[in-house]
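> I have a structure I would like to understand better, so I am pasting it below and will then ask my questions one at a time.
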Amino acid sequence: MRITLILLLTLLSCACIANDGSYKMSGNQLIPITNDDISILKEVLTIKRTGNDLQVTVDYTFYNHGPAEDVIVGFEAYSPEGDVTLVPAKGQHPYMHDFNVMMNNRQLSYQVAYVSDSNYLHNNTIRSRSLRDIQKEAADGDPGFFYVYHFKAPFKKGENRITHIYTYELNSFVMHYWNFDYVLTAANRWKDGIIKDFTLILDMGDYESFQVPRSFFTDNNEWQLSGKGRLSSGYNDEAEDVKNTLQADIHTGRLIFRKQDFHPTANLHVYSPRYLEHRNFRPGGSLPLNLRMEEYEYFEHPGKDAALILRNYPFARKGYVFKNPQLKAYYEKQAWYIPDPAYTGKRSTLSPEELKWLDYFEAKASTH
Numbered sequence: 315m316r317i318t319l320i321l322l323l324t325l326l327s328c329a330c331i332a333n334d335g336s337y338k339m340s341g342n343q344l345i346p347i348t349n350d351d352i353s354i355l356k357e358v359l360t361i362k363r364t365g366n367d368l369q370v371t372v373d374y375t376f377y378n379h380g381p382a383e384d385v386i387v388g389f390e391a392y393s394p395e396g397d398v399t400l401v402p403a404k405g406q407h408p409y410m411h412d413f414n415v416m417m418n419n420r421q422l423s424y425q426v427a428y429v430s431d432s433n434y435l436h437n438n439t440i441r442s443r444s445l446r447d448i449q450k451e452a453a454d455g456d457p458g459f460f461y462v463y464h465f466k467a468p469f470k471k472g473e474n475r476i477t478h479i480y481t482y483e484l485n486s487f488v489m490h491y492w493n494f495d496y497v498l499t500a501a502n503r504w505k506d507g508i509i510k511d512f513t514l515i516l517d518m519g520d521y522e523s524f525q526v527p528r529s530f531f532t533d534n535n536e537w538q539l540s541g542k543g544r545l546s547s548g549y550n551d552e553a554e555d556v557k558n559t560l561q562a563d564i565h566t567g568r569l570i571f572r573k574q575d576f577h578p579t580a581n582l583h584v585y586s587p588r589y590l591e592h593r594n595f596r597p598g599g600s601l602p603l604n605l606r607m608e609e610y611e612y613f614e615h616p617g618k619d620a621a622l623i624l625r626n627y628p629f630a631r632k633g634y635v636f637k638n639p640q641l642k643a644y645y646e647k648q649a650w651y652i653p654d655p656a657y658t659g660k661r662s663t664l665s666p667e668e669l670k671w672l673d674y675f676e677a678k679a680s681t682h
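Counting from 315, one number per residue, gives the positions in the sequence shown under my numbering.
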């Protein structure tokens with residue numbers, strides 16, 4: 315277990331350094347620290363992005379095969395890496411907040427421990443380092459510790475329900491608008507190492523493009539889209555010559571993965587590729603669905619045709635059916651474009667940010 319944890323931390327650190335950014339935290343599963351006779355009947359894991367934050371809601375149904383027992387349950391949160399705040403915030407992880415646990419309709423209290431490796435349980439007690447020691451270590455820039463949020467869970471015999479909610483800040487990298495990791499394999503530490511009925515819901519917001527490299531799943535068809543958008547196979551950052559990632563272009567809605575008798579052998583990684591071709595954009599190039607409206611000024615000197623295409627980008631995302639042959643031909647080639655004959659394309663349908671984009675490129679087009 316200790317070797318596995320060290321390897322995971324090393325991989326996360328390497329990813330952070332290689333991409334010029336910061337690793338803040340990974341999502342994780344609850345784990346049993348003092349019991350090996352409780353299995354997971356059902357888990358619904360919902361991950362919702364709001365701005366730079368992720369809200370994680372995990373609804374577990376456990377089955378206690380033994381007698382009623384108070385069990386120490388833990389949540390491991392790794393220390394940040396890179397250009398980040400390393401020192402704990404009021405004794406807790408600096409990038410996680412609103413940690414909440416409900417069990418069988420009862421609110422549970424929790425404690426936070428600071429540990430250096432996974433061998434932190436001694437005589438059924440979690441042995442924590444002192445806050446003063448780890449504050450000094452973090453201030454020196456070398457946090458050789460991680461956090462264990464833990465609580466005493468009164469499991470009755472048979473079925474028990476735990477709802478776990480927390481929010482943490484997304485990681486930041488030069489090549490991505492956002493990205494995050496979620497440790498799924500920790501669920502294997504419950505009895506039998508499987509989740510009888512597993513559902514994963516990704517709600518990344520409207521007009522988002524993101525990728526999910528194949529790791530715990532083998533076929534993109536295992537995912538379903540509830541809403542409006544397109545799913546396809548794409549190239550990921552690590553293997554640009556192989557289409558081994560799920561490409562999701564979501565206008566509205568959520569991405570859903572379901573699996574029976576789920577035994578995760580790898581973890582979840584999701585990222586939104588950043589568009590970097592503003593200065594080089596030409597009418598023959600492509601545009602992603604997830605362009606940020608505030609990036610309009612990055613397109614410094616578009617030609618007349620490019621300015622016309624960019625001016626109409628907010629309308630294209632909403633499905634406007636263009637009558638202009640040039641615009642019609644261009645946007646019908648974009649993989650994410652979904653025509654909506656009912657959409658009128660009026661200025662009143664645009665947000666303040668979209669209106670700034672529109673006015674900027676109208677001015678650019680008029681100068682030619």
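Note that beta-carbon positions come from the ideal geometry of N, C-alpha and C, so glycine has one too.
Keep in mind that this is a model prediction, so the values were computed, not measured.
Run through the DSSP bridge pairs and tell me what Q369 is partnered with.
As a first step, residue 369 is located in the sequence shown; it is residue number 55 there, counting from the start. Per DSSP, K362 and T481.
> Measuring alpha carbon to alpha carbon, tell me which of I509, F524 and F512 ends up nearest Y491.
Locating residue 491 in the sequence shown gives position 177, counting from the first residue. Residue F524 is the option with its Cα nearest to Y491.
> If I follow the unbroken alpha helix (DSSP H) through F629, where does it start and stop?
In the sequence shown, counting from the first residue as 1, residue 629 sits at position 315. Y627 to R631 is the span of the alpha helix (DSSP H), which, as asked, contains F629.
> To the nearest angstrom, how far is it from the Cα of Q574 to the Cα of D351?
What you label residue 574 is simply residue 260 of the sequence shown in a count that begins at 1. What you label residue 351 is simply residue 37 of the sequence shown in a count that begins at 1. Roughly 20 Å between the two C-alpha positions.
> Apart from the five residues just before and just after F629, which ones in its own chain have a Cβ nearer than 7 Å to its Cβ?
The residue given as residue 629 occupies position 315 in the sequence shown. Only G659 meet the Cβ criterion.
> Which residue comes first and which comes last in the beta strand (DSSP E) that contains L516?
Position 202 of the sequence shown holds residue 516. I509 to D517 is the span of the beta strand (DSSP E), which, as asked, contains L516.
> Would you give the residue range spanned by the beta strand (DSSP E) that A467 belongs to?
Residue mapping note: residue 467 aligns to position 153 of the sequence shown, counting from 1. First-last of the beta strand (DSSP E) with A467: F460 to F469.
> Kindly indicate which three-state DSSP category W671 falls into: helix, strand or coil?
The residue given as residue 671 occupies position 357 in the sequence shown. Assignment of W671 by DSSP, reduced to helix, strand and coil, places it in the helix class.
> Using a 10 Å radius around the Cβ and a threshold of 16 neighbouring Cβ atoms, would you call T324 buried or exposed?
By 1-based counting over the sequence shown, the position of residue 324 is 10. Residue placement at T324 is flagged as unreliable, the pLDDT there being 34, under the threshold of 50; the coordinate-derived value follows with that caveat. T324 is exposed by the Cβ-count criterion.
> Are the CB atoms of Q343 and A500 nearer to each other than 8 Å?
Working through the sequence shown from its first residue, we reach residue 343 at position 29. Working through the sequence shown from its first residue, we reach residue 500 at position 186. Contact: yes.
> How long is the line joining the alpha carbons of L545 and R420, rounded to whole angstroms?
Residue numbering aside, residue 545 sits at position 231 when the sequence shown is read from its first letter. Residue numbering aside, residue 420 sits at position 106 when the sequence shown is read from its first letter. Going from the Cα of L545 to the Cα of R420 covers about 40 Å.
> Within 10 angstroms of its Cβ, does Y379 collect 16 or more other Cβ (buried), or is it exposed?
Here residue 379 refers to the residue found at position 65 when the sequence shown is read from its first residue. Inspection of the sequence shows that residue 379 is occupied by His rather than by Tyr. Exposed, since its Cβ has fewer than 16 Cβ neighbours within 10 Å.
> Can you tell me whether N485 is buried or exposed, with buried defined as 16 or more other CB within 10 angstroms of its CB?
Walking along the sequence shown from the start, residue 485 turns up at place 171. Buried.
> May I have the straight-line CA-CA distance separating I685 from F512, to the nearest angstrom?
Limits of the chain in this structure are 315 at one end and 682 at the other, which puts residue 685 out of reach.
> Within the chosen definition, does the region 604-613 reach the region 587-595 through at least 3 CB pairs nearer than 8 Å?
yes
> Does DSSP put T499 in a helix, a strand or coil?
Translated into the one-based positions of the sequence shown, residue 499 becomes position 185. T499: helix per DSSP, three-state reduction.
> Quick one, are the C-beta atoms of E483 and K338 less than 8 Å apart?
Position 169 of the sequence shown, counted from the start, is the residue given in the question as residue 483. Position 24 of the sequence shown, counted from the start, is the residue given in the question as residue 338. Cβ distance < 8 Å, so E483 and K338 count as in contact.
> Given a cut-off of 8 Å on the beta-carbon distance, is the pair H583 and D495 in contact?
Taking the sequence shown and counting its residues from 1, the one referred to as residue 583 is at position 269. Taking the sequence shown and counting its residues from 1, the one referred to as residue 495 is at position 181. Their beta carbons are under 8 Å apart, which means H583 touches D495 by this criterion.
> Who are A403's beta bridge partners in DSSP?
To locate residue 403, count along the sequence shown from 1; it is residue 89. For A403, DSSP records a beta bridge to Q406.
> Excluding the 5 residues flanking F376 on each side, which residues of the same chain have their C-beta closer than 8 Å to its C-beta?
As a first step, residue 376 is located in the sequence shown; it is residue number 62 there, counting from the start. Correct list, in chain order: I352, S353, I354, L355, F469, E473, N474, R475, I476 and W504.
> When you compare only the Cα positions, how much space is there between S529 and L560?
Numbered from 1 along the sequence shown, position 215 holds the residue referred to as residue 529. Numbered from 1 along the sequence shown, position 246 holds the residue referred to as residue 560. Whole-angstrom Cα-Cα distance: 11 Å.
> Beta strand (DSSP E) containing D563: first to last residue?
On the sequence shown, position 249 is the one that residue 563 refers to. Its beta strand (DSSP E) spans residues T559 to F576.
> Following the continuous beta strand (DSSP E) through D384, name the residue where it begins and the one where it ends.
Position 70 of the sequence shown, counted from the start, is the residue given in the question as residue 384. Annotation for D384: the continuous beta strand (DSSP E) segment containing it runs E383 to Y392.
> Tell me which same chain residues have a C-beta within less than 8 Å of the C-beta of S541, skipping the five on either side of it?
Residue mapping note: residue 541 aligns to position 227 of the sequence shown, counting from 1. In the sequence as displayed, the identity of residue 541 is Gly instead of Ser. Hits under 8 Å: I564, H565, T566, G567 and R568.
> Give the DSSP-derived three-state secondary structure of V584 in the structure shown.
Along the sequence shown, one-based indexing puts residue 584 at 270. The answer is strand: DSSP assigns V584 an E or B state.
> Exposed or buried, which one is G388 when buried takes at least 16 other CB atoms within 10 Å?
If you number the sequence shown from 1, residue 388 lands on position 74. Buried, since its Cβ has 16 or more Cβ neighbours within 10 Å.
> With H, G and I counted as helix, E and B as strand and the rest as coil, what does DSSP make of D619?
By one-based count along the sequence shown, residue 619 stands at place 305. Secondary structure of D619 (DSSP, three-state): helix.
> Since K362 and D517 are thought to touch, with beta carbons under 8 Å apart, how far apart are those beta carbons, to the nearest angstrom?
As a first step, residue 362 must be located in the sequence shown, where it is residue number 48. As a first step, residue 517 must be located in the sequence shown, where it is residue number 203. Confirmed, Cβ separation roughly 4 Å.
> Can you tell which of G455, A679, E668 and H436 has the C-alpha that lies nearest to the C-alpha of H615?
The residue labelled residue 615 in the question sits at position 301 within the sequence shown. That would be A679, whose Cα lies nearest to the Cα of H615.
> Can you tell which of N414, I508, L672 and E383 has its C-alpha closest to the C-alpha of T579?
For the purposes of this step, residue 579 is taken as residue 265 along the sequence shown, with counting starting at 1. Of the candidates N414, I508, L672 and E383, I508 places its Cα closest to the Cα of T579.
> Look at the alpha carbon of E395 and the alpha carbon of T681, and state the distance between them as a whole number of angstroms.
By one-based count along the sequence shown, residue 395 stands at place 81. By one-based count along the sequence shown, residue 681 stands at place 367. Taking the straight line from one Cα to the other gives about 47 Å.
> Just verifying my parser: in three-state terms, what is the DSSP assignment at Y644?
Counting from 1 along the sequence shown, the entry for residue 644 is found at position 330. The answer is helix: DSSP assigns Y644 an H, G or I state.
> If I'm right that H442 touches Y463 with Cβ under 8 Å, what's the distance once you round it to whole angstroms?
For the purposes of this step, residue 442 is identified with residue 128 of the sequence shown, where counting begins at 1. For the purposes of this step, residue 463 is identified with residue 149 of the sequence shown, where counting begins at 1. Before going on, a small fix: residue 442 reads as Ser here, not His. With a Cβ gap of about 11 Å, S442 and Y463 do not count as contacting.
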